[in-house]
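A.B. asks: Mapping the sequence shown onto the numbering used here, position 20 (from 1) lands on 20, and the numbers just tick up by one.
Glycine included, C-beta positions come from ideal geometry on N, C-alpha and C.
Here's a structure for you.
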Amino acid sequence: MSEEEKGLLDKKEAVGTVENVQSIFFSYNENLNSVKLYFSKFGNLATGEDDNIKESFESFFEEVVEDLESNKKTVLNPETDTEEEVIDDEYIKKALSLFRKRPNISPRNYEILSRSSFLMLNNYFEYLLTDLLSYFYNKYQNSLDEKEFRLTLKELNEFETIEEATKNLILKEVESIIVEKTFNELLIHFEKQLSISLENDLINWNKIIEIRERRHLIVHNSSIVNKKYITRTGNPYDFKIGEPIHVQKDYFENSCNELKIAGQLLLFNCWGKWDKDNIDNAIYQIMLQTFEDLKFKNNDAVRRMCEYSNQIIAKNENQEDYLFRIKVNHAIALKKSKSNKDLAKVLKTMKVGTATPIFKIAFKILNDDHKDLSGLFKKAVVMEELNREFYLEWPIFDFVRINETELHKELLQTFN
């Protein structure tokens, strides 16, 4: 990996300390969510401060102009024998002096914040790859049995146990992979050496590459587009060489979503390969993630995650339950996206004959069949599957709350 990736090695102390893929998953989600929250919370403040700076400069300019206007004098031009308005030289000098002392602050708070947030997103994705490599080689140390390492006697004497020395050698191997391989080579390493699918049908790696190349421009080329960016990305935004590059709100949010889904799908593949005894929790997290994305109207992420889950075969009742709920979330996302053909295909695979009331309610709403919902609601409440809070929170009930005002009022009465 190129020089700019060497910042990853700041994580040296953390390498080898992760407990399992689940802990990496939680850490990655927490990191991305914290950056998104930071950007959202302080973005408006930065924009407001930039607006204040602009208003301050405009106000200053208007005051100077008004002062000049108020000091105009009418004099007779002897050459033309006409009256003209002039400003005394002293006032002009005074105005020039004021302009030299004007506020010398450019409204770049938002730009600085958006770029720093964008860089953090990139760093956290790179840290994820480092954590996964570290976990794999620490868990499957025999994969490095044929690897030759250079270790001096002095270095060996620094360790108290063989285990410490082994972990240090693994750390060096991970560092070597991260620093020496390009991003594409690193992905190939995951696919070929670790047997981890890159989910090319679900992850848009071209977008990930563009995100990384834009990061390189910000860090190494003063945010100016160069030929390397054009060549490596295919220039999807039609930039010109020499043009400044920015991180607008929509671009930042799209980048965050793309890095999140890419990282999560890689994580779930690693989870399934390396922590097979914890698969129930992996499927449970897919269910929770699709639900969260539904609440935030990130329907494309729901669609991709649910399509990924289609390859999972349930091994017990818990997994069957989670996968069915994921399928319901998939159908909700398709309905909200008005993808009616795909929705019909998903609905055909849903069998609710022996399902509990809550799933029958979901199936009826997804089919635009609102008859007898009140009766099913009462049964769901009795079985403690449904309460007022859940009704107001679950996105599937948006179709009732928004379009069926009277039915909405009737259903609310169920909880009284």
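(1) Ala-344: buried (16+ other C-beta within 10 angstroms of its C-beta) or exposed?
(2) Determine which residues share a DSSP beta bridge with Val-236 and list them.
(3) Helix, strand or coil, according to DSSP, for Ile-478 in the structure here?
(4) Which residues in the same chain as Ala-380 place their Cβ atom closer than 8 Å to its Cβ, once the five residues preceding and following it in sequence are excluded?
(5) Should Trp-274 be flagged as near chain C, meaning a C-beta pair shorter than 9 Å?
(6) Can you give me the start and stop residues for the alpha helix (DSSP H) that Ser-309 sits inside?
(7) Return yes when the Cβ of Ile-326 is within less than 9 Å of the Cβ of Met-287, no when it is not.
(8) For Asp-293, count neighbouring C-beta atoms within 10 Å of its own C-beta (all shown protein chains included) and say buried if the count is 16 or more, exposed if not.
(9) Within 10 angstroms of its Cβ, does Lys-167 collect 16 or more other Cβ (buried), or is it exposed?
(10) DSSP beta-bridge partners for Pro-244?
(11) Could you check where the alpha helix (DSSP H) with Asn-329 kicks off and where it finishes?
(12) If you reduce the DSSP assignment to three classes, tell me which class Ile-402 lands in.
(13) Figure out for me which residue from Ala-282, Phe-390, Ser-176, Phe-268 has the closest Cα to the Cα of Thr-414.
(14) What number of angstroms, rounded off, separates the C-alpha of Ile-177 from the C-alpha of Lys-297?
(15) Just to check, is the beta-carbon of Asp-201 closer than 8 Å to a non-hydrogen atom of the ligand MN?
(16) Just tell me which of Leu-366, Ala-282, Asn-157, Lys-364 has its CA closest to the CA of Ser-23.
(17) Under three-state DSSP, which class holds Ala-355?
(18) Would you check if the distance between the CB atom of Leu-202 and the CB atom of Ile-261 is smaller than 9 Å?
(19) Let me check understanding here. Comparing Cα to Cα, which of Tyr-137, Gly-353, Asn-184 lies closest to Glu-175?
(20) Going by other Cβ atoms of all chains shown within 10 Å of its Cβ, with 16 needed for buried, is Pro-244 buried or exposed?
(21) How is Ala-314 classed by DSSP in three states: helix, strand or coil?
(22) Could you check what DSSP says for His-370 in three-state terms: helix, strand or coil?
(23) Apply the 10 Å Cβ neighbour rule to Leu-267 and answer buried if 16 or more other Cβ atoms are within range, or exposed otherwise.
(24) Would you call the region 31-38 and the region 119-136 touching, i.e. three or more CB-CB distances under 8 Å?
(25) Between which two residues does the alpha helix (DSSP H) containing Lys-260 stretch?
(26) Does DSSP put Arg-115 in a helix, a strand or coil?
(27) By DSSP, does Phe-149 sit in helix, in strand, or in coil?
(28) If you check the beta carbons only, do Cys-256 and Val-400 fall under 9 Å apart?
(29) If we count Cβ pairs, one from each stretch, closer than 8 Å, do we get three or more for the region 154-162 versus the region 220-229?
(30) Going by other Cβ atoms of all chains shown within 10 Å of its Cβ, with 16 needed for buried, is Leu-323 buried or exposed?
(31) In angstroms, rounded to a whole number, what distance separates the CA positions of Leu-284 and Lys-335?
(32) Rounded to whole angstroms, what is the Cα-Cα separation between Ser-223 and Leu-217?
(33) In chain order, what residues of the same chain have a beta carbon less than 8 Å from the beta carbon of His-370, not counting five sequence neighbours either side?
(34) Indicate the three-state DSSP secondary structure (helix, strand or coil) for Glu-393 in the structure shown.
(35) So, with DSSP's three-state summary, where would you put Tyr-140?
(36) With a threshold of 8 Å on Cβ separation, who are the neighbours of Arg-388 within its own chain once the five nearest residues in sequence on each side are excluded?
C.D. replies: According to the structure data:
(1) One-based indexing of the sequence shown puts residue 344 at position 344. It counts as exposed.
(2) Counting from one through the sequence shown, the residue named residue 236 turns up at place 236. Checking the sequence, you will find Pro at residue 236 rather than Val. In the DSSP output, where bridge partners are listed per residue, Pro-236 has none listed.
(3) The structure shown does not extend to residue 478, since the chain is modelled only from 1 to 416, so the question has no answer here.
(4) Start at 1 with the first residue of the sequence shown, and residue 380 comes out as number 380. Thr-356, Pro-357, Ile-358, Ile-361, Leu-386.
(5) In the structure shown, chain C cannot be found, because there is only a single protein chain.
(6) Translated into positions along the sequence shown, residue 309 becomes position 309. In the DSSP assignment, Ser-309 falls within the alpha helix (DSSP H) that extends over 299-309.
(7) For the purposes of this step, residue 287 is taken as the residue at position 287 of the sequence shown. For the purposes of this step, residue 326 is taken as the residue at position 326 of the sequence shown. Yes. Within cutoff.
(8) Residue mapping note: residue 293 aligns to position 293 of the sequence shown, counting from 1. Its Cβ being crowded by 16 or more others within 10 Å, Asp-293 is buried.
(9) Along the sequence shown, one-based indexing puts residue 167 at 167. Per the 10 Å Cβ criterion, buried.
(10) As a working mapping, residue 244 is identified with position 244 in the sequence shown. Its beta-bridge partners are Ile-224.
(11) Counting from one through the sequence shown, the residue named residue 329 turns up at place 329. For Asn-329, the enclosing alpha helix (DSSP H) starts and ends at 317-336.
(12) For the purposes of this step, residue 402 is identified with residue 402 of the sequence shown, where counting begins at 1. In the three-state reduction of the DSSP assignment, Ile-402 falls in the helix class, which pools H, G and I.
(13) Translated into positions along the sequence shown, residue 414 becomes position 414. Ranking Ala-282, Phe-390, Ser-176, Phe-268 by Cα distance to Thr-414 puts Phe-390 first.
(14) Looking up residue 177 in the sequence shown gives position 177. Looking up residue 297 in the sequence shown gives position 297. Taking the straight line from one Cα to the other gives about 37 Å.
(15) Ligands are entirely absent from the displayed structure, and the ligand MN is therefore not among its contents.
(16) Here residue 23 refers to the residue found at position 23 when the sequence shown is read from its first residue. For the options Leu-366, Ala-282, Asn-157, Lys-364, the alpha carbon positioned closest to that of Ser-23 is the one of Ala-282.
(17) As a first step, residue 355 is located in the sequence shown; it is residue number 355 there, counting from the start. Ala-355 falls in the coil class under three-state DSSP.
(18) Along the sequence shown, read from residue 1 onward, the residue named residue 202 stands at position 202. Along the sequence shown, read from residue 1 onward, the residue named residue 261 stands at position 261. In this structure, Ile-261 lies closer than 9 Å to Leu-202 by Cβ.
(19) Within the sequence shown, residue 175 is the residue found at index 175, counting from 1. Measuring C-alpha to C-alpha distances from Glu-175 to each of Tyr-137, Gly-353, Asn-184 identifies Tyr-137 as the nearest.
(20) Position 244 of the sequence shown holds residue 244. Around the beta-carbon of Pro-244, fewer than 16 other beta-carbon atoms lie within 10 Å, marking it exposed.
(21) As a working note, residue 314 is residue 314 in the sequence shown. Coil, per DSSP.
(22) Position 370 of the sequence shown, counted from the first residue, corresponds to residue 370. Looking at His-370 - three-state DSSP - the assignment turns out to be coil, as it is neither helix nor strand.
(23) As a working note, residue 267 is residue 267 in the sequence shown. For Leu-267, the number of other beta carbons within 10 angstroms of its own is at least 16, and it is reported as buried.
(24) Because the criterion of three Cβ pairs below 8 Å is met, the region 31-38 and the region 119-136 touch.
(25) For the purposes of this step, residue 260 is taken as residue 260 along the sequence shown, with counting starting at 1. Counting along the chain, Lys-260 sits inside the alpha helix (DSSP H) bounded by residues 249-274.
(26) Position 115 of the sequence shown, counted from the start, is the residue given in the question as residue 115. If DSSP states are grouped into helix, strand and coil, Arg-115 belongs with the helices.
(27) In the sequence shown, residue 149 corresponds to position 149, counting from 1. The three-state reading of DSSP puts Phe-149 in coil, since its state is none of H, G, I, E or B.
(28) Here residue 256 refers to the residue found at position 256 when the sequence shown is read from its first residue. Here residue 400 refers to the residue found at position 400 when the sequence shown is read from its first residue. Not in contact: Cys-256 and Val-400 (Cβ atoms no closer than 9 Å).
(29) No, because fewer than three Cβ pairs between the region 154-162 and the region 220-229 fall closer than 8 Å, the two stretches do not touch.
(30) Mapped onto the sequence shown, residue 323 falls at position 323. Within 10 angstroms of the beta-carbon of Leu-323 lie 16 or more other beta-carbons, which makes it buried.
(31) Counted from its first residue, the sequence shown places residue 284 at position 284. Counted from its first residue, the sequence shown places residue 335 at position 335. Checking the sequence, you will find Tyr at residue 284 rather than Leu. Their backbone Cα atoms lie some 23 Å apart in a straight line.
(32) In the sequence shown, residue 223 corresponds to position 223, counting from 1. In the sequence shown, residue 217 corresponds to position 217, counting from 1. Cα to Cα, Ser-223 sits roughly 5 Å from Leu-217.
(33) For the purposes of this step, residue 370 is identified with residue 370 of the sequence shown, where counting begins at 1. Excluding sequence neighbours, His-370 sits near Lys-364, Val-400, Glu-404, Leu-407.
(34) Within the sequence shown, numbered from 1, the residue matching residue 393 stands at position 393. It is helical.
(35) Locating residue 140 in the sequence shown gives position 140, counting from the first residue. If DSSP states are grouped into helix, strand and coil, Tyr-140 belongs with coil.
(36) Walking along the sequence shown from the start, residue 388 turns up at place 388. The residues are Leu-412, Phe-415.
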